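One structure is given below, encoded as C-alpha cells.
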Amino acid sequence: MNRSDVQKRLNSIFCDIFDDESIKISDSTSAADIEDWDSLEHINLIAAVEEEFGMKFRMKEVSGMKNVGEMLDIICERGSK
Amino acid sequence: MVFSRLFFIYIFLPVCLGAYFLARGTKMKNNVLLLFSLAFYAWGEPVYVLLMLLSAVINYTAGRLIGRYGDSRKSRITAGLAVFTDIALLGVFKYSGFIVENINHIPSVELPVPDIRLPIGISFYTFQTISYVIDCLWETVTPQKSFRKFLLYVSLFPQLVAGPIVRYSTIEKEIDERTSSITDISYGLNRVVLGLAKKVIIADQLGIVADSLLGGIENATAAAAWTGAAVYAMQIYFDFSGYSDIAIGLGRVFGFHFDENFRHPFMCRDITEFWQRWHISLGTFFRDYLLYVPIFGKRRKYGGLFLVWLCTGIWHGASWNFVIWGLYYGLFIFIETLIGKKRMKKIPLVIRHIYSKAVIIAGFGIFYFEDLDKLGTFFTKLFSTGRLIGLQDRILLVNNVYLLILAVILTFPIIDGIRRISQRSAPVRTAAAVSLPAVSAALLLLTSILLVDQTSHPFLYFRF
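Protein sequences appear in the order of chains A and B. Start counting the first sequence at 95; every next residue gets the next number (the working numbering). Start counting the second sequence at 454; every next residue gets the next number (the working numbering).
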C-alpha cells in the first residue's frame, strides 16, 4: 500500500473520530498532540481504522503504539483494502 | 514492617543506608538491598515471604521461557499460564473467603468459609509480575537473566507493600547500573520525611475526626455525613500519597527513579481527570493491560470501560462495597464520555468542580462503609434535611479546625509552588537550601513525638 495514500485516508478518520477538520497528522503525531485522544477514544480510533483498512491490530500494538508513524507502518504492512 | 515506626526510621533505615553506601559497585549494592528487602518483608510476613518467593520463581521462569521461544505460540501459552497462576494465587489468598461467603447465599449450600489472612502487598507485587510477563511477551522489555535481579525488582522494599506499581521497564536499566548523587540522596530523604509527616501528622489525625463523624452514621446530620466523608477522602489521600512519597523518596536515595503516583487529585475538574491524578500506577496498569482486551467485539469501548472499573473496584478489596465503588466511578466516567470532552468544557468551571468534588466525597463514603446497611444509611443521610450539625460534631470540628485547614491547603500544589519560587533568584535559593534541612528536621521531630505517643496505625493501603 502507498504510505501517503494511507496517511490521507487515516487523516480523514482522525478528523472524523475527533470531530475536528483541522487535524493534520504526521508520523510524529501522538496522543499528546490531540486533546481528545485519550485511552477510550483510542478504542474508537482503532475500531475505525480496522474497518477502513480491513485489518486487526494486536493488543500489544493497540496498547504500545507511540505515534501515528507506528500506526501507519502497521497499516501498510497488514492493511488489506 | 511499616515505614511509620520508630524502629524503621531510626534503626532499620540507617543500618540499611550504611550498608548500602559502604558496599562497592552495583552488584554488591543490589545484594544489600535484596537482603534488607527480604528482611523487611519477612519481619511482618515470616511465612508469606515464601509465597512471594514462589511468585518470583514462577514469573522469572516464565520470562526466561518467553525469551527463549521468541514471538511464538509457545510464548503466548507460557505468558497465559503465568498470568493465570498470578491471578489464581491472588484469588486464593485475597478473595477465597469472599467468594465462598457469596456462594453460601445459594439456598442449601453451606461450604466452610476459608480463613486466610491477606499476605501484605500481594496485590501490588502480583501486578508488577503480571506486567513483567506481558511486557516480556510484547517484547517491550528483555527478560531478566539473573534471578537475583528479578527478585530485587519484585521485593524492593521501598515500594513492595503498597506501591506504586513499578513497571519493570522503569528500573530495567537502573537495576544493572545506577548511581545516587548527593542531590538524589538529599531530595530522596526530604521526600521521605515529607511522606512520613503527611502520614503521621495529617492522615492519622484526620482519621480520628473522620471516624468520629462517620462512626455513628445513624445519628449523623447531612452536614456531618458530607464532612466526615470529605475528611476521610483527605485522610486516604495523605495516607496513600504519603506512602508513595516515602517509596519514591527511598527509591531515589538508592538511585531508582519511580514514576509519580499522585498529581494533586482533588484539583481535578471531572471524574475522568481525577483518575488521571489518583493512584496513577494502577490506572495505567489497567489501561495498558486490560482496557484493550479484545473480548467485547463491537462494544469494546464500553465493555472495556466497564471491565476496567469492575476490576479497579475488586482490586481494592474482597467486599461488595469496593465493587460498588469501582462501578460508581465507571458510571460517572461513562456519563462524561457520553457528554464528550468538548461539551464538558462548556460547563462553567465552578460547576464542574462542585460536581466532581461531590461525586468523589460521596464515593469515599462507599469506600468507608464495608457494611452495606450502613452504606445505605450514609446515602440517605447525605440527602437528609433537619438540624445542621450536632453539638458534639461541632465541637470536634472546632477543636480540629487548624488541622482541617492545613489539610485542605496541602491538597493544592503548595509545596511545588514554594519550590518554584525558591528557584527564582540566588538569595532565595540559598535561603531555601539552608532552611529545607531545618524544616525537614522539625517535621521528623514532630513525627517522632507523635509516633512515640501513638498506638498502631498501619498505612491504609496495606489492606489491598
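All C-beta atoms, glycine included, are put in the ideal place defined by N, C-alpha and C. This structure is a prediction, so every number in the text was calculated from the model and none was measured.
Cutoff 8 Å: residue i Cβ touching any chain A Cβ
{"i": "G648 of chain B", "result": "no"}
{"i": "L904 of chain B", "result": "no"}
{"i": "D741 of chain B", "result": "yes"}
{"i": "W591 of chain B", "result": "yes"}
{"i": "R805 of chain B", "result": "no"}
{"i": "I485 of chain B", "result": "In the sequence as presented, Ile is not what sits at residue 485 of chain B; that position holds Val. Chain A, which has no Cβ nearer than 8 Å to the Cβ of V485 of chain B, makes this no."}
{"i": "K754 of chain B", "result": "yes"}
{"i": "L744 of chain B", "result": "yes"}
{"i": "L604 of chain B", "result": "no"}
{"i": "L758 of chain B", "result": "yes"}
{"i": "P747 of chain B", "result": "yes"}
Below-8 Å beta-carbon distance, residue i vs any chain B residue
{"i": "D127 of chain A", "result": "no"}
{"i": "S157 of chain A", "result": "yes"}
{"i": "L166 of chain A", "result": "no"}
{"i": "I137 of chain A", "result": "yes"}
{"i": "K154 of chain A", "result": "yes"}
{"i": "A141 of chain A", "result": "yes"}
Closest residue to residue i among the options (Cα-Cα distance)
{"i": "A125 of chain A", "options": "A:C170, A:I169, A:E171, A:M165", "result": "A:M165"}
{"i": "C589 of chain B", "options": "B:K827, B:K834, B:S528, B:R477", "result": "B:S528"}
{"i": "G816 of chain B", "options": "B:F693, B:W679, B:P801, B:N852", "result": "B:W679"}
{"i": "D539 of chain B", "options": "B:G497, B:F493, B:V586", "result": "B:V586"}
{"i": "F738 of chain B", "options": "B:H717, B:P747, B:W762", "result": "B:W762"}
{"i": "A673 of chain B", "options": "B:F836, B:G478, B:V892", "result": "B:F836"}
{"i": "I689 of chain B", "options": "B:E671, B:H710, B:V662", "result": "B:V662"}
{"i": "F489 of chain B", "options": "B:K799, B:F465, B:E726", "result": "B:F465"}
{"i": "I654 of chain B", "options": "B:S878, B:L856, B:Q876", "result": "B:L856"}
{"i": "L543 of chain B", "options": "B:A532, B:K799, B:I573", "result": "B:I573"}
{"i": "Y808 of chain B", "options": "B:V607, B:L571, B:F546, B:R722", "result": "B:R722"}
{"i": "G668 of chain B", "options": "B:A682, B:Q658, B:A656, B:G520", "result": "B:A682"}
{"i": "A811 of chain B", "options": "B:A885, B:M720, B:L841, B:G829", "result": "B:M720"}
{"i": "V594 of chain B", "options": "B:F610, B:V619, B:E625", "result": "B:E625"}
{"i": "L134 of chain A", "options": "B:F785, B:P801, B:L744", "result": "B:L744"}
{"i": "H136 of chain A", "options": "B:I575, B:R740, B:A771", "result": "B:R740"}
{"i": "F785 of chain B", "options": "B:T636, B:V455, B:G533, B:R805", "result": "B:R805"}
{"i": "L486 of chain B", "options": "B:L802, B:P499, B:F551, B:C469", "result": "B:C469"}
{"i": "G533 of chain B", "options": "B:W591, B:T765, B:L504, B:G750", "result": "B:W591"}
{"i": "D130 of chain A", "options": "B:I792, B:D869, B:W496, B:I874", "result": "B:I792"}
{"i": "P567 of chain B", "options": "B:Q581, B:S549, B:T725, B:C764", "result": "B:S549"}
Presumed contact (8 Å Cβ cut-off) between residue i and residue j, rounded CB distance
{"i": "W728 of chain B", "j": "F715 of chain B", "result": "W728 of chain B to F715 of chain B, Cβ: 11 Å. No contact."}
{"i": "L605 of chain B", "j": "N483 of chain B", "result": "6 Å"}
{"i": "F691 of chain B", "j": "A860 of chain B", "result": "7 Å"}
{"i": "A676 of chain B", "j": "I842 of chain B", "result": "5 Å"}
{"i": "P596 of chain B", "j": "A700 of chain B", "result": "That belief does not hold up - the Cβ atoms of P596 of chain B and A700 of chain B are roughly 25 Å apart, past 8 Å."}
{"i": "A515 of chain B", "j": "A535 of chain B", "result": "4 Å"}
{"i": "G616 of chain B", "j": "G648 of chain B", "result": "Wrong, their Cβ atoms sit about 13 Å apart, outside the cutoff."}
- [ ] Would you list, in chain order, the members of the segment 526-543 of chain B that have their beta-carbon closer than 9 Å to a beta-carbon of chain A?
- [x] none
Task: Residues from the segment 101-134 of chain A in contact with chain B, defined by Cβ distance under 8 Å - done: D113, E129, D130, D132, S133, L134
- [ ] Identify every run of the alpha helix (DSSP H) within the segment 841-901 of chain B, keeping only runs that are complete inside it and at least 4 residues long; order them along the chain.
- [x] 844-852, 854-863, 867-875
TODO: Let me know the alpha helix (DSSP H) ranges lying completely inside the segment 146-172 of chain A, each 4 residues or longer, listed in chain order.
DONE: 153-158, 162-172
- [ ] Compile a chain-ordered list of the residues in the segment 782-815 of chain B whose CB is closer than 9 Å to at least one CB of chain A.
- [x] Against chain A - using a Cβ distance shorter than 9 Å - the residues of the segment 782-815 of chain B are I786, T790, G793, K794, K795.
Open item on the list: For a minimum of 4 consecutive residues, which ranges assigned as the alpha helix (DSSP H) are wholly contained in the segment 463-502 of chain B?
Closed with: 466-475, 478-497
- [ ] Give, in chain order, every unbroken run of the alpha helix (DSSP H) that is at least 4 residues long and sits entirely within the segment 632-693 of chain B.
- [x] 635-650, 657-668
TODO: Enumerate, from N- to C-terminal direction, the unbroken alpha helix (DSSP H) stretches of 4 or more residues contained entirely within the segment 778-832 of chain B.
DONE: Whole alpha helix (DSSP H) segments, 4+ residues: 794-799, 802-821.
- [ ] With a floor of 4 residues, list each alpha helix (DSSP H) that falls wholly inside the segment 544-587 of chain B, ordered by position along the chain.
- [x] Restricted to the segment 544-587 of chain B, the alpha helix (DSSP H) segments that are unbroken, complete and at least 4 residues in length are 549-556, listed in chain order.
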